Every structure is written in structure tokens, then in C-alpha cells.
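Step one of this worksheet: look at the structure below.
2 protein chains.
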Amino acid sequence: MDEFSLIGAYFKRAISPSKTPQIDVGVGDDAAVFRVADGHQCVVSSDLLIEGRHFFADVAPFTLGHKSLAVNLSDLAAMGAQPLGFTLSIGLPRVDTAWLGEFSKGLFALADAFDCPLIGGDTTRSDNIVINITIFGQVPTGQAIFRNGAQVGDDVWVTGSLGDAAYALNLMQNMPAHSDLEKVRARLEMPTPRVALGCALREAGLARSMLDVSDGLAGDLLHILRASNVSARMECDALPLSSVLSQLPVGQAWQYAVAGGDDYELCFTAPASTEVRAALFDLAQKFTIPITRVGTITPMNQVAQIVWHSARAPEVAQQLARSTGFNHFASR
Amino acid sequence: MDEFSLIGAYFKRAISPSKTPQIDVGVGDDAAVFRVADGHQCVVSSDLLIEGRHFFADVAPFTLGHKSLAVNLSDLAAMGAQPLGFTLSIGLPRVDTAWLGEFSKGLFALADAFDCPLIGGDTTRSDNIVINITIFGQVPTGQAIFRNGAQVGDDVWVTGSLGDAAYALNLMQNMPAHSDLEKVRARLEMPTPRVALGCALREAGLARSMLDVSDGLAGDLLHILRASNVSARMECDALPLSSVLSQLPVGQAWQYAVAGGDDYELCFTAPASTEVRAALFDLAQKFTIPITRVGTITPMNQVAQIVWHSARAPEVAQQLARSTGFNHFASR
Numbered sequence: 549m550d551e552f553s554l555i556g557a558y559f560k561r562a563i564s565p566s567k568t569p570q571i572d573v574g575v576g577d578d579a580a581v582f583r584v585a586d587g588h589q590c591v592v593s594s595d596l597l598i599e600g601r602h603f604f605a606d607v608a609p610f611t612l613g614h615k616s617l618a619v620n621l622s623d624l625a626a627m628g629a630q631p632l633g634f635t636l637s638i639g640l641p642r643v644d645t646a647w648l649g650e651f652s653k654g655l656f657a658l659a660d661a662f663d664c665p666l667i668g669g670d671t672t673r674s675d676n677i678v679i680n681i682t683i684f685g686q687v688p689t690g691q692a693i694f695r696n697g698a699q700v701g702d703d704v705w706v707t708g709s710l711g712d713a714a715y716a717l718n719l720m721q722n723m724p725a726h727s728d729l730e731k732v733r734a735r736l737e738m739p740t741p742r743v744a745l746g747c748a749l750r751e752a753g754l755a756r757s758m759l760d761v762s763d764g765l766a767g768d769l770l771h772i773l774r775a776s777n778v779s780a781r782m783e784c785d786a787l788p789l790s791s792v793l794s795q796l797p798v799g800q801a802w803q804y805a806v807a808g809g810d811d812y813e814l815c816f817t818a819p820a821s822t823e824v825r826a827a828l829f830d831l832a833q834k835f836t837i838p839i840t841r842v843g844t845i846t847p848m849n850q851v852a853q854i855v856w857h858s859a860r861a862p863e864v865a866q867q868l869a870r871s872t873g874f875n876h877f878a879s880r
Numbered sequence: 549m550d551e552f553s554l555i556g557a558y559f560k561r562a563i564s565p566s567k568t569p570q571i572d573v574g575v576g577d578d579a580a581v582f583r584v585a586d587g588h589q590c591v592v593s594s595d596l597l598i599e600g601r602h603f604f605a606d607v608a609p610f611t612l613g614h615k616s617l618a619v620n621l622s623d624l625a626a627m628g629a630q631p632l633g634f635t636l637s638i639g640l641p642r643v644d645t646a647w648l649g650e651f652s653k654g655l656f657a658l659a660d661a662f663d664c665p666l667i668g669g670d671t672t673r674s675d676n677i678v679i680n681i682t683i684f685g686q687v688p689t690g691q692a693i694f695r696n697g698a699q700v701g702d703d704v705w706v707t708g709s710l711g712d713a714a715y716a717l718n719l720m721q722n723m724p725a726h727s728d729l730e731k732v733r734a735r736l737e738m739p740t741p742r743v744a745l746g747c748a749l750r751e752a753g754l755a756r757s758m759l760d761v762s763d764g765l766a767g768d769l770l771h772i773l774r775a776s777n778v779s780a781r782m783e784c785d786a787l788p789l790s791s792v793l794s795q796l797p798v799g800q801a802w803q804y805a806v807a808g809g810d811d812y813e814l815c816f817t818a819p820a821s822t823e824v825r826a827a828l829f830d831l832a833q834k835f836t837i838p839i840t841r842v843g844t845i846t847p848m849n850q851v852a853q854i855v856w857h858s859a860r861a862p863e864v865a866q867q868l869a870r871s872t873g874f875n876h877f878a879s880r
């Protein structure tokens, strides 16, 4: 099977003018062609996933297809952007039709759920599996939510719960027979991008800064703090944990929640008023995604930093701060 | 050096509002943001280059940076689209600062020449060097030049000369001490994307179909023929050859010219009128890029096919047809 047969068999699908009216030309020419709505900007993000680094060779291809697109949709969500389409570049050691069938099924299931079609890309041979997706979306001009808008006094919020994916990764690598694995595995392999909530936050004008949590809350929040020239005080006791993580020793659970990764939840800051908080909880209810207030933006003292606080287990917060390896950690 | 330091040191550059006014946000947030001009469509292409497949590990990093972007610019050229910006995903086995410095120099030299800035991407570790560039451009709505517009009677044209890159590759692999290598090496490693001419052809409304020649003229022209439901009669004697290739035995030279690859010249079809031909030569002169009429679009008989003709060496054309491995080849 050559490159063109492979694309035709697994990756070339008709573009639906009714479902994705802004896509004019998809897979098959030198380039794809789409339209950005009047009064909108184009939003673009790209993620490179490499076998052995970002996933194991034996990962179920359906979930890999899902996750490859999910991490990119999550980037659009973090801007408050509506997805339009994506390109897929894929390097494969061999043409494994069963693998390709499952991979493309997982990919297109998520693409269809977000009306975000595959419009182009590249295929080639490579020693390891290599996947690069570049995603395109749109946002009303001037309304994208960046990392640099956090203001002193803002609440810090996160969606969903944190740490399950990092816990799953640890179990897979070290305790694959542990009964918790099946409870948290989907959080690692099949993350749910928070696109609708991200767009709703942008429409409502409630979030001042936002990003998606992919490398762990501690590291990712720092991006907001540095871009906004502020610091933060975070409440470990408030960290949203799943029922599975809640049963772990608190030190372990917090470690996964703040220094793990692969959460693909949104972290955003918003004014600390009663009205804004109520409006945010209304949105969360509308989209049935829990949101949790986990901290406060504070003035910056020379460098942006995070102070982790806990009334429940102050010594654990302190220990956590030291063990995460982030030299900005502190507990006081 | 972590991911963010690496991006900051080699890949994060200020966006110039005067030179690239449509880029609103570049490297540094969850996604990049740009505007497509009113009345224009967005054009997107993506290419994945993998060490050992598309380039050798010891390729000069400056030329690799150049070529990685050049092949993508060439795809935009083939649509008649004007470049706006690109994302770069790069996987590297190690942080080699000398390599990164040269790679980014080659990349940005070409990016600057086309006012096509780097606006985002991803970096990660990988066993081999992996490079994926996704490029964005714009074209006035409805004016992109596709592969499916060729009409019976059209002239088939190519820009520049063909086969030098394939000859260079063969010399590098088999005769690295050959004195021709330095004469053709740049055609392989530093291709010149025909962006200005591609856009001019679109503006002038002269080309009915177009693509860029990346896999060899024989294979690439077939894409136009199949998409347009036509065939072609090609004149081997007319194939544009460099002075270096002209000195090879004609069978070898034609083999490189039609079955080689990495040419990154444009192949297009246009009406066979005296006026159009004159207008095309005027454009070629304006952009100082030779163009050559190499064949004619003919009616399709069941399947799209290419007939290669030569008055000068008919037996060579016939042999060439057999040896290229394209089963659609024939000579009569």
C-alpha cells in the first residue's frame, strides 16, 4: 500500500458542507482551503507526539487517535476558540491495517463530536510512530483569552479534577495489576477537551487569563503568572480530586494533582466577585463540568511564584513544595 | 536546557507588525492568532521530514532549516497563495546548541525572505530528528489553483529545470567525490520555492491547474491528470535540463528529470493560445524564472495516462517509460 492508497483508505473523508461549511477543500490537493468567519481571527496550535516519549508502542490505537486530537482541541479550548479543522502528519514503521483502522476510528470519533474535520497533512515511513496534529479554530477578533491577563485579587479556577492521568501513568509503569488502574486509565488515554466551556467562558467575558493544564498545574500556572507579572497563593485543601485520588495519602494525591500532567483541564483566573463566581458556577452547571476555586492571584515580588497553603496538612504542603522540584515552591 | 529555554533561545522572535501585520499572536501562548484578509480564504499545508528518510543525519543544519520551510512554501506557491506564517514541531535527540543555531538561521533566513514568520509549534525529545512544518497562507476567495482544472488541449508547463536534485542525491549516495556534486547539491538542499510566480499565475488567471513537483514530474503530473480526468502527451526533447544534466547521457538525464524528485518547481497547465503563451513568457521574464512548454493535455481513454514522446531518441523514451516503474508509461 503506497502513501496515496493509505490516505485514501484511512484518512480521506468527504467534507460535509452542512456540518463544516467553512471548509472549502480538504485532503487531496497541494493544500487545504478554508474560510475564517468575518470579524474573526484564526487560532492555530500544534502538538508533536512521539512513540516512547508521549505514548507506549502498545497503546490501543483507538485511544491514541482520540488523544492526538484531544490535546490539540484542548489548546483551542484554552483560547476560547471554536475548532474548524486539523491537519495530521503521521510517520509509521509499517502499514498495519488493523492499527490504522482503529487509530482513524478514534481520531474521527472525536473529530465528528466537535465538527472538526481532517483537512490535510502528510504520511511517511519512520522507525517509531510520530504524530503531529495542527489544529485551526476561530475566535471573534480581540476576544481570545491569553495567559497574560491575570490581575491581583483574581480567583484561580480549575475545571474537572486533577492528577488522575498522572496516577494512571504511574500505575501503568510500576503497578499494572493495581485495581485503581482501570478507574483512572481513561483520564490518561481519553482526555475530554473542555471546548464548549472554554468558548462559553470567552463569550461570557468572565475569564481574564486561561490555559490548559498539560504539564501539571504547578508548572502551567507559572506560565500565567509570568506572563501576567503576578504570583499566586494556592490552597492545597481545595484541589479537586477524583474519588480514586481522594483515597490516596494526601501527599501522594496532591503530588499527582499539582506536579503530574496530562490533565487537559482548564485553569483560568476571574474577578473575585460574588456575581462572577455565581455566573461561573451557572456555566459549570450548564456544561456539567465541575469548577473549583483553588487559589488567589497575589502581587509579584521580583519573580512570579506560587505559595502552596494547607490548613489541613501544612507539613505535607511544605514537603510537596520541596519534592516537586519546582524551586518556586514554598509553604508558609 | 528545558523546552521553554530552547524555544526562547532559538525559535521565539518578535513579530513585526509592519512586515507581518496579519499575525496578532506568535509563539508563547496555547495557540497563535492571525487574521485572514477580508475576501480571502486560508490555505494550509503540512510536511513531515524524518531523519534517515528525508535527509541524512549529517546534513548541514542551515540547509535543513531552509529546506524544511521551502517545501511548505512550495505547496502554497502551487495554490497561488501568499504565505502568512507557519508552525514548527521539532523532535531532537539532544540539545545541540551549534546545530540549533544553524538550523534556526537557515529557517529564519527563508522565513524573512517571504515575510512568513514562525508563530507556534512544539518541541520534544526523540531518537531521530523529526520536523513538521504546517504553513498558512491566503488566497482571494475562489481563486486558488487546484489540480482538477486541466482541460484537453492545454499546454503543460514547468518552471526552472528538472532532475538536478535527484542527480545530486544519487551522487551523494554513490559518488560523493564526483565533481558534479557541488554544482547540483544546492538544488537538492536549498530549493527555491516559486511563490511569487505562483501568485502571479493566479493573479493573471492564466493557469487552469497547478501543483509543485516534489516526487518527480511523472508521478506528480498524474495527480493533475487523474483529478482532471485527462491524459497527457509529453515531449522528452523539451524537458528543461540544467547545463550539468545536459551533459549526461540523455537516458540518464530524462530519468532524473521525470522520475527523480525534490525539484520543487511548478507544473501547470494553461490554454494553448498564442496570447496566453506570450503572457506566460512575460511573467517568466518578470520573475526571471524560465518556463518551458513540455506537453499537451489529451483526452482520457479509461484511465489517465502519460505518453512520453521523443523525436530525438525514441528508443530512449521507450526505455525510460519501462524503467521508471510507472505502469502508465508508454511511448508511441
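As given, the protein sequences belong to chains A and B, one line each in that order.
The opening position of the first sequence corresponds to residue 549 in the working numbering, with each subsequent residue numbered one higher.
The opening position of the second sequence corresponds to residue 549 in the working numbering, with each subsequent residue numbered one higher.
Don't be surprised by glycine CBs; every beta carbon is placed ideally from N, CA and C.
Keep in mind the model is a prediction, meaning the values are calculated, not measured.
query                                                                                                                                                                                        : result
Got a sec: is the Cβ-Cβ distance from R601(A) to anything in chain B below 8 Å?                                                                                                              : yes
Is S674(A) close to chain B, meaning its C-beta is less than 8 Å from at least one C-beta of that chain?                                                                                     : yes
What first and last residue would you give for the beta strand (DSSP E) that runs through S674(B)?                                                                                           : Neither: S674(B) is in no beta strand (DSSP E) and is coded neither H nor E.
When the cut-off is 8 Å and only beta carbons count, does C590(A) lie next to chain B?                                                                                                       : yes
How big is the Cα-Cα spacing for T682(B) and I772(A)?                                                                                                                                        : 26 Å
Does the beta-carbon of G541(A) have 16 or more other beta-carbons within 10 angstroms, so that it is buried, or is it exposed?                                                              : The requested residue 541(A) does not occur in the structure, where chain A is confined to residues 549 to 880.
Take L789(A) and list the residues in its own chain whose beta-carbon comes closer than 8 Å to its own, dropping the five residues that flank it on each side.                               : S709, L710, G711, A801 and A805
Mind checking the stretch 570-586 of chain A against chain B and listing, in chain order, the residues whose C-beta falls within less than 8 Å of any C-beta there?                          : D572, V573, G576, D577, D578, A579, A580, V581, F582, R583, V584 and D586
Rank A562(A), R750(A), A869(A) and L796(A) by C-alpha distance to the C-alpha of G697(A) and give the top, closest one.                                                                      : R750(A)
Under the three-state reduction of DSSP, which class applies to L787(B): helix, strand or coil?                                                                                              : coil
Does any C-beta atom of chain B lie closer than 8 Å to the C-beta of F694(A)?                                                                                                                : yes
Candidates A716(B), A629(B) and N718(B): which alpha carbon is nearest R742(B)'s?                                                                                                            : A629(B)
Name, please, each residue of chain B whose Cβ falls closer than 9 Å to the Cβ of A626(A).                                                                                                   : D577, D578 and A579
Which residues in chain B have a C-beta closer than 8 Å to the C-beta of A629(A)? List them in chain order.                                                                                  : A579
Check the Cβ-Cβ distances between T635(B) and every residue of chain A, and say whether any is below 8 Å.                                                                                    : yes
Identify, in the order they occur along the chain, each residue of the same chain with its Cβ nearer than 6 Å to the Cβ of W705(A), setting aside the five sequence neighbours on each side. : F816, I839 and R841
Using the DSSP secondary-structure output, state which residues sit across from F603(A) in a beta bridge.                                                                                    : E599(A)
Can you tell me whether A826(B) is buried or exposed? The criterion is at least 16 other CB atoms within 10 Å of its CB, across all chains shown.                                            : exposed
Got a sec? Which residues, its chain only, sit under 6 Å from C784(A) by beta carbon, not counting five neighbours each side?                                                                : W802, W856, S858 and A865
Mapping DSSP to helix, strand and coil, what is R644(A)?                                                                                                                                     : In the sequence on display, residue 644(A) carries Asp and not Arg. Coil.
Could you tell me the distance, in whole angstroms, from the CA atom of Q850(A) to the CA atom of R781(A)?                                                                                   : 15 Å
Near P631(A), what residues of its chain come up, given a Cβ to Cβ distance below 8 Å and the 5 sequence neighbours on each side ignored?                                                    : L621, L624, F662, D663, C664, I683, F684, G685 and V743
Among V607(A), A820(A) and A562(A), which has the Cα closest to the Cα of I667(A)?                                                                                                           : A562(A)
Would you call the CB atoms of S593(A) and A579(B) closer than 8 Å?                                                                                                                          : yes
Just to check my reading of the structure: R735(A) and A716(A) have Cβ atoms closer than 8 Å, yes? What is that Cβ distance to the nearest angstrom?                                         : 6 Å
Give a yes or no on whether the C-beta atoms belonging to V581(A) and V619(B) are separated by under 8 Å.                                                                                    : no
By how many angstroms is the C-alpha of L636(A) removed from the C-alpha of S674(B)?                                                                                                         : 18 Å
List the residues that DSSP assigns as beta-bridge partners of C590(A).                                                                                                                      : Q686(A) and F582(B)
Hey, out of A748(A), D577(A), Q833(A) and L828(A), whose CA is closest to D703(A)'s CA?                                                                                                      : L828(A)
Can you give the Cα-Cα distance for V732(B) and Y558(A), rounded to whole angstroms?                                                                                                         : 38 Å
Taking the alpha-carbon of P739(B) as reference, which of R695(B), L658(B) and V778(B) has the nearest alpha-carbon?                                                                         : L658(B)
Just reading off the alpha helix (DSSP H) that S806(B) is part of, what are its end residues?                                                                                                : Checking the sequence, you will find Val at residue 806(B) rather than Ser. From DSSP, the alpha helix (DSSP H) with V806(B) extends over V798 to A807.
List, in order along the chain, the chain A residues whose C-beta lies closer than 7 Å to that of N680(B)?                                                                                   : L596, S637 and N680
Which residues share a DSSP beta bridge with C815(B)?                                                                                                                                        : V706(B) and L759(B)
Taking Cβ-Cβ distances shorter than 7 Å, what residues in chain E pair up with D670(A)?                                                                                                      : Absent from the structure is chain E; the protein chains it does hold are A and B.
Show which residues of chain A have a CB atom less than 8 Å away from the CB atom of I667(B).                                                                                                : V592
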